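In what follows, a single structure is set out as structure tokens and then discussed.
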Amino acid sequence: MASLKLGLDKRRIKSDGTYPLVFKLTLNRKQLLLKTGISLLPDAYDVNSNSIIGKTALNLSIKSLESIYIERFYQYLIKYPKPNSIHHFRSYILSKPHHENTIYEFWKEHIEKLRIENRLGGAQVYEQSLSTISKELDLSIPFHSFSAKDLLFLENRLYKRGMSINGVGVYLRSFRAVCNSAIQTDLVPPSWYPFSKFQIKKDSTTPRVFSLDEMRLFFR
């Protein structure tokens, strides 16, 4: 069993009464710490929200680091389904890969792949979907930072643009396909999938009835 959690290291009190704020990596009952370089008094840290009280800028910095570590944490578990070395695990999380894809970047790569395959119609649909969705939601984030709650927010924002049910469905299906591709390429684990309990709505269209004159013209 593996886990990665942010918290104070209560085993190491400093001379000023502060404790180091660390990420605690646990694997098979063994634990190693990932330092943040921050030390806090116990009453300056909210254990319920895992945040530093009254320090917005510092919290943003920690959350950014946490996002990176969590992404690498899951990447490691995908790559090594049965990890047995906590030291190797820690080294992987602390490594600095050349690049970590955001949703926006991965989506653009998906569009380019469609163009290379000469699937120009599909590429155009994905391009339009990306353009519209990125105006309503910041996609310059890792996939794991996007949640089912964000998906509901996005759906609501698209409806507020005055789009039809089927119009919204086109954009959300494009997004769903991009998320599926991210899982297939091991960027995120299947458990992350925000569409698992989300149903894309579809409006049934009323078939058009031809007049007798139109039918005569058709069958001439």
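All residue numbers in the sequence shown are consecutive under this note's numbering, ending with 260. Note that the Cβ used here is the ideal one computed from N, Cα and C, for glycine as well. Keep in mind that this is a model prediction, so the values were computed, not measured.
- Residue burial annotation: residue 230 is exposed, with fewer than 16 other C-beta atoms found within 10 angstroms of its C-beta.
- When rounded, the separation of the alpha-carbon atoms in residue 214 and residue 141 is 18 Å.
- Take the alpha-carbon of residue 132 and the one of residue 144: they are about 25 Å apart.
- The criterion of a C-beta distance shorter than 8 Å is satisfied by residue 182 and residue 107.
- Collapsing the DSSP output to three states places residue 239 in coil.
- Boundaries of the alpha helix (DSSP H) around residue 165: 160–176.
- Rounded to the nearest angstrom, the gap between the Cα atoms of residue 50 and residue 81 is 10 Å.
- Taken atom to atom, the span from the alpha-carbon of residue 205 to that of residue 149 is near 28 Å.
- Between residue 129 and residue 111, the alpha-carbon positions lie close to 13 Å from each other.
- Ranked by Cα distance from residue 127, the options 212, 66, 232 are led by 66.
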